[in-house]
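Student:
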Amino acid sequence: MAHTRLDRISFGLVQNSAGNFVTPDAASFQAAASSADWMATQDFNLVLTNAPGEDAYPITARTFVLMHKQPKSPDGSATAIDFLRWSLQSGKPQAQLLNYVPLPATLVEQIEQYWQHNFEALTASASGKRTDR
């Protein structure tokens with residue numbers, strides 16, 4: 059979406075799994091991400107192609123980060139998680155300026171729970187301080 063907007067590239071409507079022709083825009087990408095069954099996945103590994111939903115754009119992708127659960131540098135991993143947390147919680151305006159679509163709030167909550175369960179020693183506490191120190 060970012061390149062089509064910035065470079066003024068032509069695009070067309072695409073028919074989704076509900077039979078609707080939808081525009082590739084933030085709302086249709088958000089609809090695809092919101093309609094996905096993230097809880098049924100392992101480690102958020104989910105293909106969003108033809109996601110269900112009346113308004114879901116059928117050619118939507120997600121980006122993910124791979125991290126070691128037992129890193130060689132816990133401080134480095136904690137810093138990375140701090141940045142990712144900031145991105146998800148406070149970085150929405152910057153993402154939108156770059157034509158990226160922020161994740162749905164329910165998915166952000168699931169990611170936080172995943173971190174707490176899988177990277178407990180690396181994640182920040184509710185006060186914003188790391189628990190690895």
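Quick note, the sequence shown lines up with residues 59 to 191 if you use this note's numbering.
Don't be surprised by glycine CBs; every beta carbon is placed ideally from N, CA and C.
(1) With DSSP as the reference, identify every bridge partner of residue 73, one or two as the case may be.
(2) Taking Cβ positions, are residue 96 and residue 87 nearer each other than 8 Å?
(3) If you draw a straight line from the C-alpha of residue 184 to the C-alpha of residue 106, how long is it?
(4) Can you tell me whether residue 93 is helix, strand or coil according to DSSP?
(5) Measuring straight from C-alpha to C-alpha, what distance separates residue 126 and residue 94?
Tutor: In short, the structure shows the following:
(1) Start at 1 with the first residue of the sequence shown, and residue 73 comes out as number 15. BP columns for residue 73 point to 79.
(2) To locate residue 96, count along the sequence shown from 1; it is residue 38. To locate residue 87, count along the sequence shown from 1; it is residue 29. Cβ atoms of residue 96 and residue 87: not closer than 8 Å.
(3) Sequence index remark: in the sequence shown, residue 184 carries index 126 (1-based). Sequence index remark: in the sequence shown, residue 106 carries index 48 (1-based). Any reading at residue 184 needs caution, since the residue's pLDDT is 37, under 50, leaving its predicted position unreliable; the model's value is listed next. Whole-angstrom Cα-Cα distance: 31 Å.
(4) The residue given as residue 93 occupies position 35 in the sequence shown. If DSSP states are grouped into helix, strand and coil, residue 93 belongs with the helices.
(5) Residue numbering aside, residue 126 sits at position 68 when the sequence shown is read from its first letter. Residue numbering aside, residue 94 sits at position 36 when the sequence shown is read from its first letter. The alpha-carbon atoms of residue 126 and residue 94 are separated by roughly 26 Å.
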